[in-house]
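Numbering (my numbering), first residue to last: 21 to 116.
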């Protein structure tokens, strides 16, 4: 998933806490500064195969510190390749 936040500490803490609270595993997390001064957070989480990207998006996007959130499905094989994202919009939802 990728998220945008205006408050880097609040945004990343809330995402990590909710990831744990919902029982997801955390494989990778990184934060970068965007040209507009906001922060982008990229997280790779481990979920059950039956998990729905739209449901995960809804659960993790409820905090005001998260201004944009996009969840895409990756396979284990994708994780070894730098910068790889799902080739299609497989159950993807973007928040305004």
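Note that beta-carbon positions come from the ideal geometry of N, C-alpha and C, so glycine has one too.
Model, not experiment: these values are computed from the prediction.
Between residue 22 and residue 62, the gap from beta carbon to beta carbon is short of 7 Å.
Secondary structure of residue 31 (DSSP, three-state): helix.
Our two residues, residue 80 and residue 37, have alpha carbons roughly 10 Å apart in a direct line. Between the alpha carbons of residue 86 and residue 69 lies a distance of about 25 Å. Closest in C-alpha terms to residue 94, from the list 65, 32, 84, 57, comes 65.
Boundaries of the beta strand (DSSP E) harbouring residue 89: 86-90, taken from the DSSP string. Rounded to whole angstroms, residue 52 and residue 92 show a C-alpha spacing of 19 Å.
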